[in-house]
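These protein sequences, in sequence, are chains A, B, C and D. Using numbering that gives the first Met the number 0, you'd call the opening residue of the first sequence number 0 and step up by one each time. Using numbering that gives the first Met the number 0, you'd call the opening residue of the second sequence number 0 and step up by one each time. Using numbering that gives the first Met the number 0, you'd call the opening residue of the third sequence number 0 and step up by one each time. Using numbering that gives the first Met the number 0, you'd call the opening residue of the fourth sequence number 0 and step up by one each time. Input: a single structure, listed below in structure tokens.
4 protein chains.
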Amino acid sequence: MSLHLNNDNTAQLQELYAEMRPHSLYPLWEVLSMLVTPTPRSSAKPWKWDYDSARDYLLRAGDLISAEKAERRVLILENPGLPGSSSITTSLYAGLQLILPGEVAPCHRHTPCALRFVLEGEGAYTAVDGEKVIMRPFDLVLTPNWQWHDHGNDTDAPMIWLDGLDIPTVLHFDASFAERLEQSSHPETARPGDSLNRYGHNMRPMRGSSADRRPAHQPLFHYPYKQWRAALRELAAAAVPDPHLGHALEFLNPADGGSIMPTVTAHVRLLPAGFASAPRRATDGTVFVVVEGRARATVADQEFELQARDLLVVPSWQELRLMAESELILFGYSDRAAQEKLGLFREARA
Amino acid sequence: MSLHLNNDNTAQLQELYAEMRPHSLYPLWEVLSMLVTPTPRSSAKPWKWDYDSARDYLLRAGDLISAEKAERRVLILENPGLPGSSSITTSLYAGLQLILPGEVAPCHRHTPCALRFVLEGEGAYTAVDGEKVIMRPFDLVLTPNWQWHDHGNDTDAPMIWLDGLDIPTVLHFDASFAERLEQSSHPETARPGDSLNRYGHNMRPMRGSSADRRPAHQPLFHYPYKQWRAALRELAAAAVPDPHLGHALEFLNPADGGSIMPTVTAHVRLLPAGFASAPRRATDGTVFVVVEGRARATVADQEFELQARDLLVVPSWQELRLMAESELILFGYSDRAAQEKLGLFREARA
Amino acid sequence: MSLHLNNDNTAQLQELYAEMRPHSLYPLWEVLSMLVTPTPRSSAKPWKWDYDSARDYLLRAGDLISAEKAERRVLILENPGLPGSSSITTSLYAGLQLILPGEVAPCHRHTPCALRFVLEGEGAYTAVDGEKVIMRPFDLVLTPNWQWHDHGNDTDAPMIWLDGLDIPTVLHFDASFAERLEQSSHPETARPGDSLNRYGHNMRPMRGSSADRRPAHQPLFHYPYKQWRAALRELAAAAVPDPHLGHALEFLNPADGGSIMPTVTAHVRLLPAGFASAPRRATDGTVFVVVEGRARATVADQEFELQARDLLVVPSWQELRLMAESELILFGYSDRAAQEKLGLFREARA
Amino acid sequence: MSLHLNNDNTAQLQELYAEMRPHSLYPLWEVLSMLVTPTPRSSAKPWKWDYDSARDYLLRAGDLISAEKAERRVLILENPGLPGSSSITTSLYAGLQLILPGEVAPCHRHTPCALRFVLEGEGAYTAVDGEKVIMRPFDLVLTPNWQWHDHGNDTDAPMIWLDGLDIPTVLHFDASFAERLEQSSHPETARPGDSLNRYGHNMRPMRGSSADRRPAHQPLFHYPYKQWRAALRELAAAAVPDPHLGHALEFLNPADGGSIMPTVTAHVRLLPAGFASAPRRATDGTVFVVVEGRARATVADQEFELQARDLLVVPSWQELRLMAESELILFGYSDRAAQEKLGLFREARA
């Protein structure tokens with residue numbers, strides 16, 4: 000699809016280009032091959048972040064700036080192929096957030112939607128529209144689009160989690176809105192665990208009931224590690240691993256059986272010790288976190304050694320193979336939800 | 000909207016009617032007020048079945064006919080206002096099924112969809128497309144439209160449950176299909192609990208995974224008492240009861256956040272001791288089972304005393320008030336799912 | 000699936016049945032084969048109504064009772080296999096309505112939804128929520144669930160149309176509501192043709208615009224003969240007829256691309272002269288009207304000669320073959336929309 | 000939400016930043032106010048392209064490069080605030096395409112979806128999966144995601160149209176796929192007008208019919224000027240103009256009543272002579288084409304004089320006011336469809 004102009008008109012074309020440019024006109028044929036590529040070709044790179052080393056920097060930042068001053072004390076995991084973008088894939092953001100004992104990350108809301116995946120510490124909270132979730136390691140917590148949220152750490156140890164947001168997508172559509180609450184914490188509107196109890200067991204408050212308090216399209220925002228790990232291990236005990244995925248469970252929004260948020264899909268997978276996945280590629284660039292175990296990941300032609308809490312990004316359409324050195328549990332999130340809505344998702348399995 | 004003809008043409012009209020009749024023509028104006036009524040007016044009646052007395056008859060039937068010979072050994076709860084209809088409301092069927100130790104109810108499938116709500120006994124199974132569910136008291140088990148199912152009792156005690164089906168609706172649309180499997184039991188295709196584990200925790204096998212074995216639109220068929228009761232009690236501990244419903248949770252299909260089956264909605268509710276519900280009416284005729292507690296139900300102008308395992312039917316648009324004499328837990332199912340799809344559901348709260 | 004009891008317990012069973020009966024309990028095994036049949040088995044019959052003869056009776060009724068007095072002056076086409084039901088199939092109603100010059104059928108609304116298919120006369124109107132449609136032969140006009148509607152004939156000739164409603168379905172779900180407007184005509188709220196213009200051309204008023212006045216889920220209620228006939232004839236000119244259907248176009252609700260109303264599907268088909276359709280059966284009992292041409296219809300093992308304006312009902316799952324003696328155009332409506340929503344629709348093509 | 004660090008730690012922070020950078024870690028607090036803004040803040044600018052001047056450049060390009068060599072001979076309308084992006088808004092692409100007599104733009108397909116809005120010439124064709132549409136001025140023609148399409152000009156005059164695509168969005172999600180057909184033209188698979196006839200009149204081929212040949216989710220790809228203009232003028236004759244929009248009709252996909260393509264919404268509007276629209280802003284950056292008339296547009300604080308065929312871009316959340324100097328007809332397209340699916344669309348009306 001590329002174009003190699005090789006004719007006598009080159010000079011005249013260049014002249015035309017120069018004349019048009021101030022009129023905001025530009026020749027498609029000079030860039031068509033970059034705009035409409037035969038397969039995905041962003042410059043995003045596969046990359047791994049060592050948790051230990053990232054954690055050291057994060058704790059150093061903790062000494063230098065307060066959560067309140069920073070609003071959110073987060074180190075962005077920026078894809079080295081997308082410098083200056085604050086993005087981990089072309090459409091997604093990732094960061095590591097630290098809250099120290101006694102700190103509060105003040106209450107705000109915004110159009111980007113966020114997931115939190117806990118990496119370290121236990122007992123800090125995220126409050127969503129005034130309902131607290133007590134966060135434990137490897138819990139998944141959502142703060143959906145335009146819902147008030149604040150975080151606080153009443154424990155005596157630092158708390159660290161992964162933030163996954165669709166900020167680049169919201170910026171792409173030029174649709175960012177945000178506001179801060181006057182108070183740093185939202186008034187408490189429900190008991191911790193209330194939403195999970197009401198909406199998390201294949202049930203919901205009867206329609207029309209006064210107990211039906213969460214947004215109809217987004218009732219659930221806590222997916223505890225304890226629950227998802229049990230389900231994943233049961234699956235592993237019952238089934239033969241899928242050759243490309245191992246044992247893999249997607250998190251769902253119980254309101255519609257769809258993805259956890261309109262733009263973001265998340266899943267967990269378990270690979271038995273010694274399992275080597277068959278090559279697979281998909282258009283949804285994916286961020287992985289190692290929950291348990293050790294593995295070697297091959298992305299396109301690059302190899303990465305992974306251990307607990309390490310973070311790996313696999314860009315769109317780059318082939319992934321995983322070799323589990325011990326039983327491996329991964330969490331992953333991607334933009335598959337958005338891609339499916341827009342008719343863009345594809346995958347290929349070797 | 001009724002019509003009182005009172006004119007000189009009566010005789011001529013009667014003559015016309017008589018002439019038309021063999022041509023399958025009939026005057027609307029003589030029946031319009033019966034066909035299009037200002038409010039629902041079926042002859043279905045509120046009614047209560049004492050569990051103990053129904054159970055006695057059922058056990059007597061157990062002495063006289065085998066499950067295999069009967070295909071299903073069930074006593075139909077027929078609404079006394081709808082004699083000969085085998086219906087408990089205009090659109091729904093209910094029956095009490097007995098399986099004795101060692102018996103099997105042979106494998107078949109049909110377009111009516113069914114729910115089972117266990118009343119007595121523990122350890123018999125329902126198998127759906129070859130996956131067994133071990134049934135315990137007050138578990139809800141589904142056998143959706145056109146899925147193979149058989150039941151068996153390997154325990155040493157009788158097992159009794161409520162069958163709730165949409166048979167009248169399938170007959171109404173003249174769309175009944177059924178077939179028997181050659182063997183009385185379906186080959187076992189999965190371990191008991193497999194579907195609940197895969198689809199029952201706000202997760203599902205990743206799309207495209209070989210572990211995704213259930214029908215996409217109907218992945219879950221077991222809602223254990225243990226789970227729903229805990230959720231209901233938590234709700235009761237956290238919330239003020241809704242004045243019309245008490246504490247009420249609907250069962251959902253996790254594939255789409257909708258009703259458990261295309262035609263049937265089910266829910267449970269808890270009324271604290273002494274709670275008296277405000278009057279409510281709705282177009283979905285509902286069958287209730289008392290799970291725990293004692294109550295007085297007033298339906299339109301009739302009163303019923305209820306105790307554990309008793310069954311009550313409340314027809315469309317008849318006002319229901321419940322007075323809980325002790326903490327009351329009810330299970331209920333209705334045709335609300337169908338009515339909502341067809342644009343017919345209404346409710347009124349006093 | 001039928002049961003032939005042939006044992007020594009017969010007498011004891013009969014005794015049990017007699018004892019249970021007053022308790023509204025009934026043995027399933029005695030009726031199971033009637034309730035859950037291997038294929039549809041209602042007693043609805045295929046039947047044809049000669050238009051000319053039905054028209055004669057209708058005009059005689061016109062002499063004997065006024066539209067206002069009758070509220071609607073309609074002869075019900077009652078299926079001879081369903082006597083006393085006022086139904087043409089198990090789930091649908093059909094009638095022939097007459098409005099004489101100067102008459103008004105007063106304004107009311109009800110939960111049954113209705114279609115009108117004009118058979119004779121030109122220039123009478125149906126008003127839906129105050130917007131008039133001028134009715135011409137073979138126009139399709141809808142009066143959806145709970146929308147106000149009145150009819151009037153300002154011309155000097157009688158006007159006759161087919162009414163197709165889902166009355167039996169609304170009664171089945173015991174969800175009939177109706178009310179009359181105080182005035183016989185609804186105040187005029189829009190110009191004739193307004194809705195068709197706004198919603199009928201693959202467009203709709205921009206969301207949020209003050210011009211978006213119809214219900215979002217049901218914006219269109221007029222499908223003119225002139226338009227549908229042109230589309231059907233174009234299709235016939237462009238395509239090879241489908242062996243089972245001929246050339247067939249379904250009417251759609253432009254709001255969602257689904258059926259014209261939640262319970263009712265309608266279509267038109269054209270069979271070239273000499274075309275004989277291959278046998279097909281489907282679970283949606285269907286009412287046909289001959290718009291143009293002559294044909295022989297074979298339904299199961301019965302034959303019917305059809306000519307313009309004749310009406311034919313084909314019950315569920317009865318095999319239909321059509322032999323077009325001249326170019327044949329048919330209009331048909333059925334309950335397929337409801338059956339699909341409830342998971343019940345099936346068809347088989349030989 | 001911005002951050003003004005003003006403390007003694009500045010130096011230490013800078014040191015930390017420098018150390019982290021090679022590890023692809025970056026401090027969120029330094030960029031948070033750019034990433035999550037209180038309102039949309041892209042650097043996209045409002046801009047107008049004079050048709051006459053753009054046309055001159057395009058014709059000059061026509062002298063210098065062939066359609067075949069260019070693959071598509073198009074001048075990109077690049078937003079002057081987004082240099083090097085080939086984008087007209089953050090998420091959309093626009094270009095002016097020229098096909099000279101006798102030329103063919105060869106057959107290809109790609110994941111970006113495209114609309115064509117004809118500006119000049121009559122009689123060239125676009126073929127979609129082998130079905131030709133003869134293009135006339137101000138017709139809207141779609142070439143949906145992954146459908147084969149080629150263009151050709153068999154007339155003796157140049158043909159110019161606006162191309163509107165979602166290329167930036169496909170690149171954002173890193174999901175571009177494309178391929179060329181070996182032949183420059185797709186084999187003809189249907190008669191011109193076939194799809195419009197089958198799917199464009201609130202009807203579709205009966206499901207299961209062999210005539211149902213287009214993709215179920217995208218059956219229609221031609222919205223003729225003749226039809227949309229008549230509908231728009233009828234609306235203008237019948238209704239009071241909406242104060243913010245004038246008379247405005249959105250184009251719909253008849254398969255689902257939604258937007259014309261998964262990412263793109265399109266509409267037309269008519270403003271009576273002298274009409275001045277009240278200020279409105281929306282998050283969907285919009286590209287407008289003047290079809291008829293003259294107007295003054297005020298976008299934020301910039302004014303633009305518009306006449307026939309001029310093109311105007313209004314970025315996200317910039318306030319638009321239109322003053323029609325004569326009766327004004329506009330065509331517009333935006334990314335509202337994508338924004339609504341992802342939960343991002345907002346508008347504000349003064």
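Just so it is clear, CB atoms sit at the ideal spot from N, CA and C, and this is done for glycine as well. Quick caveat, the model's predicted, so the values are computed rather than measured.
Taking Cβ to Cβ, would you say residue i is nearer than 8 angstroms to residue j?
i               : j               : result
L305 of chain A : A299 of chain A : no
P26 of chain B  : A60 of chain C  : yes
M260 of chain B : L141 of chain B : yes
A210 of chain A : L234 of chain B : yes
D193 of chain A : A230 of chain B : no
S183 of chain A : V127 of chain A : no
E181 of chain A : R108 of chain A : no
M202 of chain B : F250 of chain A : yes
D334 of chain C : Y50 of chain C  : no
L319 of chain C : R280 of chain C : yes
T36 of chain B  : S175 of chain C : yes
C112 of chain D : P157 of chain D : no
S208 of chain A : A323 of chain B : no
N8 of chain B   : I64 of chain C  : yes
Which partner residues does residue i have in the DSSP bridge list?
i               : result
K44 of chain C  : K44 of chain C is not bridged to any residue.
M322 of chain B : B:A275, B:R295
V35 of chain D  : Note: V35 of chain D sits in no beta bridge, so no partner.
T285 of chain C : C:V313, C:S333
E119 of chain D : D:I159
A189 of chain B : B:E130
H97 of chain D  : Looking at the sequence provided, one finds Leu at residue 97 of chain D rather than His. Answer by DSSP bridge pairing, in chain order: D:I159.
Which whole-angstrom value describes the C-beta separation of residue i and residue j, a residue pair presumed to lie in contact below a C-beta threshold of 8 angstroms?
i               : j               : result
T282 of chain B : Q338 of chain B : 6 angstroms
L408 of chain B : V288 of chain B : Since the first residue shown for chain B is 0 and the last is 349, residue 408 of chain B is missing from the structure and cannot be characterised.
G120 of chain C : I159 of chain C : 6 angstroms
L118 of chain A : A265 of chain A : That belief does not hold up - the Cβ atoms of L118 of chain A and A265 of chain A are roughly 15 angstroms apart, past 8 angstroms.
W316 of chain C : T38 of chain C  : 6 angstroms
L343 of chain B : V169 of chain C : 7 angstroms
Q96 of chain A  : D162 of chain A : 5 angstroms
Quick one: what's got a C-beta closer than 8 angstroms to residue i's C-beta in the same chain, skipping five residues either side?
i              : result
S85 of chain A : I75, E77, Y92, I166, P167
A53 of chain B : L74, L76, L95, L310
Short of 7 angstroms in beta carbon distance, which residues of its chain neighbour residue i, apart from the five on each side in sequence? Order them along the chain.
i               : result
G245 of chain C : R268, L269, L270, F274, S276
P105 of chain B : E67, E70, D149, R179, S183
P204 of chain D : R197, A210, D211
Please go through the same chain and pick out, in chain order, the residues whose beta-carbon is closer than 6 angstroms to the beta-carbon of residue i, but skip the five residues on each side of it.
i              : result
S80 of chain C : Contrary to the premise, residue 80 of chain C reads as Gly rather than Ser in this sequence. Excluding sequence neighbours, G80 of chain C sits near S42, A43, K44.
Query raised in the report: Of the residues that make up the region 227-240 of chain D, which ones have a beta carbon closer than 9 angstroms to any beta carbon in chain C?
Result: Within the region 227-240 of chain D, the qualifying residues are W227, A229, A230, L231, E233, L234, A236, A237, A238, V239, P240.
Query raised in the report: Listed from N- to C-terminal order along the chain, which residues in the region 249-274 of chain D have their beta-carbon within a distance smaller than 7 angstroms of any beta-carbon of chain C?
Result: E249, F250, L251, P253, A254, D255, G256, H266
Report task. Give, in chain order, every residue of the region 185-209 of chain B whose Cβ lies closer than 8 angstroms to some Cβ of chain A. Result -> A189, R190, G192, D193, N196, R197, G199, H200, N201, M202, R203, P204, M205, R206, G207, S208, S209
Report task. With 7 angstroms as the limit, tell me which residues of the region 51-68 of chain A have their beta carbon closer than that to any beta carbon of chain D; keep them in chain order. Result -> S52, A53, Y56, R59, A60, L63, I64
Query - chain A contacts from the region 155-174 of chain D (Cβ-Cβ distance under 9 angstroms) - result: D162, L164, D165, I166, P167, T168, V169, L170, H171, F172, D173, A174
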